[in-house]
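Notes to accompany the following structure.
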Amino acid sequence: APRAGPPSDMFFLSPVLLRSKSKRLAVQLVSSVQTGFCYWTHKSPLKRETRVALRKYDPIVDRHVMFYEALIPKPLRKVRRPRPSAFMRWTGKNIQDMVKAVQRKHESKGRF
Numbered sequence: 001a002p003r004a005g006p007p008s009d010m011f012f013l014s015p016v017l018l019r020s021k022s023k024r025l026a027v028q029l030v031s032s033v034q035t036g037f038c039y040w041t042h043k044s045p046l047k048r049e050t051r052v053a054l055r056k057y058d059p060i061v062d063r064h065v066m067f068y069e070a071l072i073p074k075p076l077r078k079v080r081r082p083r084p085s086a087f088m089r090w091t092g093k094n095i096q097d098m099v100k101a102v103q104r105k106h107e108s109k110g111r112f
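Under the working numbering, residues 1 to 112 are what the sequence shown spells out, in order.
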């Protein structure tokens with residue numbers, strides 16, 4: 001019996017499609033009494049330059065205190081450097097060393 005509904009292979013789930021489409025910025029609010037307790041909330045991208053400060057409940061000290069927006073560290077992007085042989089081919093620097101190495105390899109093996 002044929003199944004009703006679309007086939008399952010029609011749905012292509014990529015990280016791009018699964019990502020939130022919201023333009024709002026996630027911010028972390030940290031307690032001013034330094035208990036380590038924090039809240040997460042969102043703010044408008046138009047208020048990117050202003051720092052959020054809210055009076056909220058801190059259960060560790062059992063009272064309402066000020067919570068300030070904390071800086072969220074951005075992940076470090078790894079700099080991708082080209083392979084040395086590719087770099088030599090693109091720039092021409094130290095190309096003679098590469099030519100000598102290939103020549104020695106050819107002489108020892110008799111092929112490339």
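A virtual CB, placed ideally from N, CA and C, is assigned to each residue, including glycine.
All of these numbers come straight from a predicted model, not from anything done at the bench.
Taking only the alpha-carbon atoms, compute the straight-line gap between residue i and residue j and give it to the nearest angstrom.
i, j, result
"Arg77", "Ala26", "20 Å"
"Leu71", "Thr41", "13 Å"
"Phe87", "Ser31", "50 Å"
"His106", "Lys74", "48 Å"
"Lys47", "Lys56", "20 Å"
If distances are taken between C-alpha atoms only, which option among the options comes closest to residue i?
i, options, result
"Val61", "Val33, Tyr39, Gly110 and Arg104", "Val33"
"Thr50", "Tyr68, Phe37, Ser85 and Cys38", "Tyr68"
"His64", "Gly110, Ile95 and Phe37", "Phe37"
Any idea which residues DSSP pairs residue i with across the strands?
i, result
"Asp58", "Arg63"
"Thr50", "Paired residue(s): none; Thr50 is not in a bridge."
"Ala26", "His42"
"Ser31", "Phe67"
If we count the other Cβ atoms within 10 Å of its Cβ and call it buried at 16 or more, is residue i buried or exposed?
i, result
"Asp58", "buried"
Less than 8 Å between the CB atoms is what I'm expecting for residue i and residue j, so what's the real figure, rounded?
i, j, result
"Pro45", "Lys23", "5 Å"
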